[in-house]
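Please read the structure below before turning to the comments.
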Amino acid sequence: GLVQGVNFRAWTARQAQNLRLAGFVRNSEDGSVTGEACGSNSNIEKFKQLLGKGPVHAEVESVEVLTEETLPQEKEGGWGIRGFEVRN
Numbered sequence: 001g002l003v004q005g006v007n008f009r010a011w012t013a014r015q016a017q018n019l020r021l022a023g024f025v026r027n028s029e030d031g032s033v034t035g036e037a038c039g040s041n042s043n044i045e046k047f048k049q050l051l052g053k054g055p056v057h058a059e060v061e062s063v064e065v066l067t068e069e070t071l072p073q074e075k076e077g078g079w080g081i082r083g084f085e086v087r088n
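This is the structure:
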């Protein structure tokens with residue numbers, strides 16, 4: 001699909017921040033976009049659904065989840081990861 005040059009990374013970061021997820025997103029050499037996200041199970045599910053649609057000018061062919069695991073959340077510190085960033 002078309003996910004580079006259509007503001008996909010910035011859009012992804014905004015969606016992740018709205019869902020209070022932590023992690024990153026970056027362009028890959030093969031023309032795809034990859035990343036990692038950490039947050040509540042329900043918000044991760046919402047995030048995956050949003051990624052399947054993408055921003056208005058994107059053409060998302062598929063969302064591939066390579067690894068998915070549930071990690072215990074610390075009471076005060078969350079998962080020890082802060083913010084969601086766009087990487088080059």
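For reference, each letter of the sequence shown is one residue, going 1 to 88 in full-length UniProt numbering.
Each residue gets a CB set at the ideal place from its N, CA and C atoms; glycine is no exception.
In this text the structure is predicted, and so the values were computed from the model without any measurement.
**Contiguous alpha helix (DSSP H) assignments of at least 4 residues, all confined to the segment 16 to 87** = Within the segment 16 to 87, the complete alpha helix (DSSP H) runs of at least 4 residues are 41 to 53.
**Message:** Among the candidates Thr67, Glu85, His57, whose CA atom is the shortest distance from the CA of Gly1?
**Reply:** The candidate whose alpha carbon is nearest that of Gly1 is His57.
**Prompt:** Among residues of its own chain, excluding the 5 on either side of Gly31, which ones have a beta-carbon nearer than 7 Å to its beta-carbon?
**Reply:** Exclusion of the five residues before and after Gly31 leaves Gln4 as the residues of its chain whose Cβ lies within less than 7 Å of its Cβ.
**Prompt:** Applying the criterion that 16 or more other CB atoms from any shown protein chain within 10 Å of the CB defines a buried residue, is Val25 buried or exposed?
**Reply:** Classification of Val25: buried, given that the 10 Å Cβ count is 16 or more.
**Asked** Which residue's Cα is closest to the Cα of Glu61: Phe84, Cys38, Gln49?
**Response** Looking at the Cα atoms, Gln49 is the closest of the given residues.
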